[in-house]
Amino acid sequence: TPLDDGARLLETRRLFSSYSVLAAKPEAAPTHQSIDYWKHRTAIMSTEEELTAQIKALGDQIKAAKADKKPFEEWEPTLKEMQAAKAKFKEVTGKDFDPPKKESKKKKAPQQPQEASEKNKAKREAKAKAKAEKEAKKKANREEQARREKEKRDRLAGVGATNFGDAPMVRSKDVTDRRWTSVADLTPKLAGREVLIRGYLQVSR
1 TPLDDGARLL ETRRLFSSYS VLAAKPEAAP THQSIDYWKH RTAIMSTEEE LTAQIKALGD
61 QIKAAKADKK PFEEWEPTLK EMQAAKAKFK EVTGKDFDPP KKESKKKKAP QQPQEASEKN
121 KAKREAKAKA KAEKEAKKKA NREEQARREK EKRDRLAGVG ATNFGDAPMV RSKDVTDRRW
181 TSVADLTPKL AGREVLIRGY LQVSR
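Listed below in structure tokens is the structure:
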């Protein structure tokens, strides 16, 4: 939890005392390779805002070093300092450091002008109207074709209806005035006259 004024004063006195000892005994000072060294550097940071700013700045330095492909040994001290700052952050706030997340910027679809929207609407309506007219014309053509075919069937229904069928057998029981003509007698001199002939139907088409 954040330190109050009294605790902060005591902490400052303790740090001042420890720095005095380090000044008197340099061999007691932590080396750059130890985490205690970086804790000493971040000890004066006592607020969440200060620690957040420090951690962010150190993180940016590490990113720049990685981008420049610098060897690990060069930016290792910065990494240790950031780790110490994160430990101090947890000590002060009671929670782990969570870097602020960048808000994703979604590209907004450009709004179409009102004029273009009305123009597209008119095009769609014209297209739909043309399609409906085309379908209506096709339907009318189909109905007209069906009507003509029905009329044709009706006309042909009665053609030759009396020319075929079952005829009674000829039993020669009745004497008529019909005169049969032999096929051999069908000569040009009979042109224009009606004659009766007999024969056998061999093929009918």
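Residue 42 in UniProt numbering sits at position 42 of the sequence shown, with consecutive numbering throughout. For every residue, glycine included, the Cβ atom is placed at its ideal position computed from N, Cα and C.
L190 counts as exposed, since fewer than 16 other C-beta atoms from the protein chains shown sit within 10 angstroms of its C-beta. Remark: C-beta atoms of L201 and W180 do not approach each other more closely than 8 Å. In this structure, the beta-carbon distance from I55 to F97 falls below 8 Å.
Residue burial annotation: F89 is buried, with at least 16 other C-beta atoms found within 10 angstroms of its C-beta.
A distance below 8 Å separates the beta carbons of E74 and A65.
For L186 and G199, the gap between their C-alpha atoms comes out near 13 Å. In the three-state reduction of the DSSP assignment, L196 falls in the strand class. A check of alpha carbon separations from T93 across L51, A126 and R153 identifies L51 as the nearest. If you compare the alpha carbons of E135, R153, R205 and G59 with that of K80, the shortest gap goes to G59. As computed with DSSP, W180 is found in a beta bridge with L196.
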